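Numbering (this note's numbering), first residue to last: 33 to 87.
Even for Gly, the Cβ is constructed at its ideal location relative to N, Cα and C.
Keep in mind the model is a prediction, meaning the values are calculated, not measured.
Below, the structure written as structure tokens:
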């Protein structure tokens, strides 16, 4: 995803404020072919359930 071109980024402070939101969106909403078309968070939760590990 191209988060940079979607936002007005006048300075480094703005970028630093937006980074956590971008990471959160990436981990929740971005499916990956290597993760069987699941987001990183979905995949990790699935793995934890299969292994019987608490989240």
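- Just how far apart, CA to CA, sit residue 36 and residue 55? Residue mapping note: residue 36 aligns to position 4 of the chain shown, counting from 1. Residue mapping note: residue 55 aligns to position 23 of the chain shown, counting from 1. The alpha-carbon atoms of residue 36 and residue 55 are separated by roughly 12 angstroms.
- Item | Expected contact under 8 angstroms - CB spacing of residue 59 and residue 70 to nearest Å | Counted from its first residue, the chain shown places residue 59 at position 27. Counted from its first residue, the chain shown places residue 70 at position 38. Not a contact, Cβ separation roughly 11 angstroms.
- Item | C-alpha distance - residue 75 paired with residue 50, whole-angstrom precision | Indexing the chain shown from 1 puts residue 75 at position 43. Indexing the chain shown from 1 puts residue 50 at position 18. Cα-Cα distance, rounded: 24 angstroms.
- Following the continuous alpha helix (DSSP H) through residue 8, name the residue where it begins and the one where it ends. Given a span of 33 to 87 for the chain in the structure shown, any question on residue 8 remains unanswerable.
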